[in-house]
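S.K.: Before I ask anything, let me first share the structure, which is written out below as structure tokens.
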Amino acid sequence: GESVGLHLPTLSVQEGDNSIINCAYSNSASDYFIWYKQESGKGPQFIIDIRSNMDKRQGQRVTVLLNKTVKHLSLQIAATQPGDSAVYFCAETTGNQFYFGTGTSLTVIP
Amino acid sequence: DVKVTQSSRYLVKRTGEKVFLECVQDMDHENMFWYRQDPGLGLRLIYFSYDVKMKEKGDIPEGYSVSREKKERFSLILESASTNQTSMYLCASSNEFLGRGTQYFGPGTRLTVL
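Laid out in structure tokens, this is it:
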């Protein structure tokens with residue numbers, strides 16, 4: 001069956017450091033991936049997406065890397081700020097099916 | 111900005127009650143979704159709708175029904191609430207079908223069934 005998992009349920013980083021949040025997926029046919037951020041008391045918010053024909057995509061302070069060989073997705077946040085503290089979800093889409101991971105909780109230490 | 115609103119932030123209901131959760135979006139999106147979010151299980155899709163009066167089951171539709179009479183409004187109904195339906199419920203809308211684009215989420219309704 002499908003599984004979208006994260007390597008670590010929690011991650012703590014010092015303010016100003018870079019953060020890397022990982023996600024593994026099981027279906028090699030998945031062709032579209034999204035990262036969402038969910039702050040406490042709010043619904044998830046889109047951060048960045050990537051299609052399977054790409055290996056890397058950059059946004060403002062965020063980069064998503066896709067390694068299709070090992071079915072691995074990562075979100076890199078540069079110069080992590082206190083406002084980045086949240087739960088981060090990856091989501092994968094395969095045809096008409098899509099799945100969310102369980103999330104990684106990022107805590108930024110001032 | 112896209113806005114998705116949910117009728118309540120917190121609800122407490124008793125077992126057996128009929129529960130209505132309302133969701134409204136203001137971006138004229140075709141697609142709307144209802145999820146529940148539980149610790150360790152992530153977001154699970156209950157139902158979605160791709161047009162007025164159209165609905166499709168998601169991964170966990172049992173015990174739920176939905177209604178979409180107007181494009182901007184998507185309601186989730188618990189016909190007879192049970193304690194295992196205690197959860198956070200999230201509504202989302204999108205102009206893309208089935209996860210192929212950004213979904214815009216509401217703030218969630220935390221439902222407790224006693």
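Residue numbers (our numbering), protein chains in the order written: chain A, 1 to 110; chain B, 111 to 224. The C-beta atom is built at its ideal place from N, Cα and C for all residues, glycine as well.
1. Closest to isoleucine 21 of chain A by CA distance: which of A:Glu92, A:Gly41, A:Val87 and A:Phe100 is it?
2. So that I know if they touch, is there some Cβ in chain B lying closer than 7 Å to that of phenylalanine 159 of chain A?
3. Going straight from the alpha carbon of glutamate 189 of chain B to that of glutamate 172 of chain B, what length do you get?
4. Taking 7 Å as the threshold (beta carbon to beta carbon), is phenylalanine 215 of chain B in contact with chain A?
5. Have a look at aspartate 154 of chain B and phenylalanine 98 of chain A and give me their C-alpha separation to the nearest angstrom.
6. How would you list, in chain order, the residues of chain A whose beta-carbon sits under 8 Å from the beta-carbon of threonine 212 of chain B?
7. Count the other C-beta atoms from every protein chain shown that fall within 10 angstroms of the C-beta of threonine 104 of chain A, then say buried if there are 16 or more, exposed otherwise.
8. According to DSSP, alanine 78 of chain A sits in a beta bridge with which residue or residues?
9. Under a three-way DSSP split, which group does asparagine 194 of chain B fall into?
10. So that I know if they touch, is there some Cβ in chain A lying closer than 7 Å to that of glycine 168 of chain B?
11. On a Cα-Cα basis, can you pick out the residue from B:Gln147, B:Thr125, B:Arg183 and B:Arg146 that is closest to lysine 163 of chain B?
12. Note down the Cα distance separating arginine 57 of chain A from leucine 65 of chain A, rounded to an integer number of angstroms.
13. Using three-state DSSP, classify valine 13 of chain A as helix, strand or coil.
14. Glycine 83 of chain A CB to nearest chain B CB: under 7 Å?
M.R.: Answer, in terms of the structure:
1. A:Val87
2. The structure shown has nothing for residue 159 of chain A, since chain A only spans 1 to 110.
3. 10 Å
4. yes
5. The sequence shown places arginine at residue 154 of chain B, not aspartate. Between arginine 154 of chain B and phenylalanine 98 of chain A, the C-alpha separation is close to 10 Å.
6. Ile34, Phe46 and Asp49
7. buried
8. In DSSP, alanine 78 of chain A forms no bridge with anything.
9. helix
10. no
11. B:Arg183
12. 7 Å
13. strand
14. no
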